[in-house]
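I have placed the structure first, in the form of structure tokens, so that the comments after it can refer back to it.
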Amino acid sequence: MAWSRPRLVGEYPPGTFGQSMNLAGAGSGAELAVMLGGWSGTERTPLFMGDKQVRELVRQQDREQRLASTNTGSNQREENKKKRERKKEHQRELRAASSYARVLDVQNMEWHRVAGHGVTVANRYGHTSTLVGPHLFLFGGWDGNRALNQLVVGELSIAPEPEKTEDFSLMQ
Numbered sequence: 325m326a327w328s329r330p331r332l333v334g335e336y337p338p339g340t341f342g343q344s345m346n347l348a349g350a351g352s353g354a355e356l357a358v359m360l361g362g363w364s365g366t367e368r369t370p371l372f373m374g375d376k377q378v379r380e381l382v383r384q385q386d387r388e389q390r391l392a393s394t395n396t397g398s399n400q401r402e403e404n405k406k407k408r409e410r411k412k413e414h415q416r417e418l419r420a421a422s423s424y425a426r427v428l429d430v431q432n433m434e435w436h437r438v439a440g441h442g443v444t445v446a447n448r449y450g451h452t453s454t455l456v457g458p459h460l461f462l463f464g465g466w467d468g469n470r471a472l473n474q475l476v477v478g479e480l481s482i483a484p485e486p487e488k489t490e491d492f493s494l495m496q
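Printed below as a string of structure tokens:
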């Protein structure tokens, strides 16, 4: 097997792990690699790892920070505000974790974002997915807090771009 690094264009997906990729439209002239999910592994969301030691380390650091600060009335309000901001940031990162959905046009080697509609699909990584005809089955994974046992089926509509036709009408 010979490996290569093809030149790609378009909006690259973020670097992640735990994502899935499926080839869609094989033989149709519109071959697409559909990539779903994944997690970027940022340090701000260590609970994604599901690792007890990491969680304990985070708890210990939080405890040390609380003990180091003097909790007067105004300081307590400021601390609560910071906590809310951290929680909002954490929730934003959870949403961003696996809302990554990209399509690679294999013919043109170009990345595209995917527009979806229908039921809300929980963000996830470490899931499994498979393509059966136009149906993309997505099962399981981790959403940052718990293992998922949800099956979601996506309907892919892959339409090849219309071929350009030239007008050969005679000019007089």
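With the numbering used here applied, the sequence shown corresponds to residues 325 to 496, in that order.
Virtual Cβ for every residue (Gly too), placed ideally from N, Cα, C.
In this text the structure is predicted, and so the values were computed from the model without any measurement.
Proximity of residue i and residue j at Cβ, strictly below 9 Å
i, j, result
"SER453", "LEU360", "yes"
"LEU356", "VAL427", "yes"
"SER328", "LEU462", "no"
"GLU479", "LEU455", "no"
"LEU347", "VAL438", "no"
"GLY351", "GLU434", "no"
Selection from the options that minimises the alpha carbon distance to residue i
i, options, result
"GLY442", "GLU413, VAL477, GLY465, ALA348", "VAL477"
"HIS436", "GLY351, GLU479, VAL358, GLN384", "VAL358"
Rounded separation between residue i and residue j - CA only
i, j, result
"GLY450", "ALA471", "9 Å"
"PRO337", "GLU413", "20 Å"
"ALA326", "LEU391", "57 Å"
"GLN400", "ARG410", "15 Å"
"GLY342", "TRP466", "9 Å"
"LEU332", "GLY339", "15 Å"
"ASN469", "ALA425", "21 Å"
"VAL445", "GLU403", "33 Å"
"ARG448", "GLN389", "30 Å"
"LYS407", "ASN432", "46 Å"
"PRO458", "GLY464", "20 Å"
"PRO330", "ALA354", "18 Å"
"GLY362", "ARG387", "30 Å"
"LEU371", "LYS405", "Residue confidence is low: LEU371 scores 40 on pLDDT, short of 50, so the model does not pin down where it sits. No coordinate-derived value is stated."
Along the chain, which unbroken stretches of the beta strand (DSSP E) at least 3 residues long are found entirely within the stretch 416 to 464?
Residue ranges of uninterrupted beta strand (DSSP E) with 3 or more members, entirely inside the stretch 416 to 464 and ordered along the chain, are 425 to 429, 434 to 437, 452 to 456, 459 to 463.
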